[in-house]
Each structure stands twice: as structure tokens, then as C-alpha cells.
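Before any comments, here is the structure.
In C-alpha cells:
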């Protein structure tokens, strides 16, 4: 493919078009020459059937010449003469570009037309049918996974670190989060979502006490007065260890335990203070700034990103792994659901229509303007040559038809003249 003066041309196709155009020109010109020869041979024979032949040949020449002039005038000045209203395409290419722009905008980019075409195409049904045939679901998931893995491979660590250090962390430092954190904490306590975390903490504490009984008792003994006998200290330490385990078990078993209620009140008060108490808010913001300003935060964030990327790439590249298999299952289930639910398909098609209409309304003018801008960059002479190369062969039929129809009309006129005489 080659580009000339804004055109993209295929030399092979252009060569074939030139051969076809030349062949049709020879046919049209040959008919004109044939009509001229017949006219010369039959000239002076106005009577009998030769008179009809002569009249038909004369009219054929007139029709052929007139249509040759009309076809030629589209692309150039006939015989090189600057006749008015000829060479229309080279002289009027800007107007042609504007007309094409208006034509496309008025006839193809209307909301009603777009919605009709999209709904007629039934994109959701076709997509669902495509997914469910010829193992296309696996092909789709494989392509998405491959592209995703390549994209993750090509993201430089330096860019991620720059985003974290120059965009994310400064933004978090500047943005007040106390009220947001207070509202989130209030909702968590109201929904009881923290209960699981409390239970986990209790279980871990109980497990630690069981495993580290000697350490716990030694800590108790170290805090005991020196004058207390060791046997008494050991007995008290074991008792405290037992009671601590029992206390944790009671809290774990009883949803309305006093400790749980006290903890809920503490969290509720903290949530309220984070939202309404300026002192608490200021302390929370200072704590946030100290934490986010620490150099280790950026290092930890990069470490988390690298770990996430390594895991994600490994999962995406595993052709028989659970990620791809789950993706295939979900895509297949989605396709089956779409085929079996006409209402869902209709809703999705409607959303697709809305998106296309929005895009056309927002960018349609820019799309159609490409036509006029492209035509404006073309050279007038080259434009005429390219257009003629594409449609000139078909236009030669106008010359051929003009020759034949002109001859027929000439015969009819000559017949009418004979009848009148």
C-alpha cells in the first residue's frame, strides 16, 4: 500500500482498475467510431431502410458526443478548453467534501437511525451465541488473560512507585479522612461487622495463653511482691492463667458480654468523635500524616504491588489454572443467561444504544468533519484521477447507452418524419 497526496492506494488494484477503465473507454469510443463510419457510408441515402440507418447513426454520434462531454466534464476540461462548468471535481472538491460531511451527518448520525440499526443488529444475542459456539468462550478468556499478563509485565516499577509517591500518598495526606473513617466505623459497629474480628482476636489470645502458659505465669510471678513465697506465687499465677482462659471463653461464647458491650461503646464513641470532635479529628489527621510520611510506607506499597503482580501474572499465564477455568465458566454462564432472558438482552441492548447515541452526539461532528478535512488535503487533479479510476469504468456505460439510445431515438424521429410526409 502506498500513500500519495493524502490517498492510500493499492498498486495491484489500481492497475486492474486502469485496465478495466481503458477497456470500457475503447468500447464506448469504438461505438462512436462505428456510428461515424455507418453515417459516412449511408450519407445521402434518405429513402428506404438506409435512411433509417443513416438517421440512427447520426443520432448515435450526437448522443455519444454529448455523453462523452458530460462524463469528461466531471474530471477535466474537454479537449483542454476552459469551458464553464467543466472539470467539476477538481474545482469543487471542497464543496464535495462539505456535501459528503452534511450527507453523512444528516442521514447516518441521527439518534432514531442509530437506535434502529443497533436494535436490528441484536448485539447482545449475537455476542451470546458467539460465546457459546466453537469454544469461543475459552478463546475469549485466553485472549483477555494473555493481554492482561502482557500489560502487567510491561508496567515499569518506576512508574508505579512514581504514582504512589507523587500522586497517591500526597493526595491521601492532603485529604481529610477523619470524618470518612468515623462514618465507616459507625456503620461497621451498627451492622456488627466487627464481631468476626473480635472473635478472631479472642481465639488468638486464648491460643497464645495455652501455648505460652509458662511464659504467662513467669510474667505474673515477676510482678509479685518479693516477700510472697514462691509456692503461693506459682499457685496464684496458675489460677490467673486459668481464669484468663475462662474469661476469654466467656466473652467468646456470650454475644452480650459486658466486654463486648464496652468495646462497642468505645468504638461508637470513637466514631462519633472522629466525625464531630475537632480535637480527635486533629489527632487522627496528625497520626495519618506521620504514618503516610514514613519512608517505609512507599516501600511496603511497592512490595505489595510486586507481590500482587507476580501472583496475578502467574494465575493469568496458567492455561489450565483456576483463574482461566473460572473465567470460562462465568463467560459461558453469562452467555446462557443472555440467550434465555429476552428482557435482560433488551435492557443491555438499550444501554448499548444509549452509549452509541451519546458517543455520536458528543463526537459525531468531529467524525463527519474528518471527511471534509481529508478532502481539503487532496490535490484537485489527483482527486479527479482517483475518482475516475474508481467509478470511470461504470461511467463509460453512460457513453455506451447514449450512443445506443441516441441511435434508437434517431430511427424513431426519422420514422415519424416519413409518416408525416
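In our numbering, the protein residues as written are 1 to 421.
C-beta: ideal position from N, C-alpha, C; glycine also.
With contacts defined as CB atoms closer than 8 angstroms, residue 128 and residue 185 fail to qualify as a contacting pair. Per the C-alpha coordinates, the member of 286, 304, 236 positioned closest to residue 172 is 286. Contact annotation: residue 396 and residue 28 have beta-carbon atoms nearer than 8 angstroms. A check of alpha carbon separations from residue 102 across 368, 406, 405 identifies 368 as the nearest.
By the C-beta density criterion, residue 361 is exposed, having fewer than 16 other C-beta atoms within 10 angstroms. With fewer than three CB-CB distances shorter than 8 angstroms, the region 193-208 does not count as touching the region 317-337. The C-beta of residue 231 has fewer than 16 other C-beta atoms within 10 Å across all chains shown, which makes the residue exposed. When secondary structure is reduced to three states using DSSP, residue 239 falls in the helix class. The shortest C-alpha to C-alpha distance from residue 147 to any of 132, 315, 87, 35 is the one to 315. Counting along the chain, residue 68 sits inside the alpha helix (DSSP H) bounded by residues 48-75. A buried status is given to residue 383, since no fewer than 16 other beta-carbon atoms sit within 10 Å of its beta-carbon. Distance between residue 277 and residue 162, taken at the CA atoms: about 35 angstroms. Using a Cβ-Cβ distance cut-off of 8 angstroms, the region 108-126 and the region 343-351 are in contact, since at least three pairs of beta carbons, one from each stretch, lie closer than that value. For the region 191-249, not one full-length beta strand (DSSP E) segment reaches 3 residues or more. Ranking 41, 118, 100 by CA distance to the CA of residue 352 puts 118 first. In this structure, the CA atom of residue 322 is about 13 angstroms from the CA atom of residue 311. Straight across, the Cα-Cα distance linking residue 245 with residue 155 is about 51 angstroms. For the 8 angstroms CB-CB criterion, residue 64 and residue 32 form a contact.
With contacts defined by Cβ atoms closer than 8 angstroms, residue 237 and residue 254 do not form a contacting pair.
In this chain, the alpha helix (DSSP H) harbouring residue 161 covers 157-163. Cβ contact annotation for residue 39 (same chain, cutoff 7 angstroms, sequence separation greater than five): 54, 57, 58, 61, in chain order. Burial check for residue 308: the Cβ neighbour count within 10 Å stays below 16, so the residue is exposed. Collapsing the DSSP output to three states places residue 317 in a helix.
Rounded to the nearest whole angstrom, the CA to CA distance from residue 36 to residue 25 is 16 angstroms.
Going by DSSP, residue 124 is part of the alpha helix (DSSP H) stretching over 123-131.
The C-beta separation of residue 131 from residue 137 comes to about 5 angstroms, placing the pair in contact by the 8 angstroms criterion. Inter-residue distance for residue 221 and residue 242 is about 15 angstroms (C-alpha atoms, whole angstroms). The beta-carbon distance between residue 357 and residue 111, rounded to whole angstroms, is 5 angstroms. This is short enough to meet the 8 angstroms contact definition.
Collapsing the DSSP output to three states places residue 28 in a helix. For residue 328, the uninterrupted alpha helix (DSSP H) segment begins and ends at 322-340.
Contact between residue 189 and residue 280 is absent: CB atoms are separated by about 16 angstroms, not below the 8 angstroms threshold.
Taking C-beta separations shorter than 8 angstroms and ignoring five residues to either side along the sequence, the partners of residue 398 in its chain run 67, 70, 71, following chain order. Annotation for residue 402: 63, 64, 66, 67 place their beta carbon closer than 7 angstroms to its own, counting only its chain and skipping 5 residues before and after. Taking C-beta atoms as the reference points, residue 306 and residue 183 fail to come closer than 8 angstroms. The criterion of a C-beta distance shorter than 8 angstroms is satisfied by residue 317 and residue 149.
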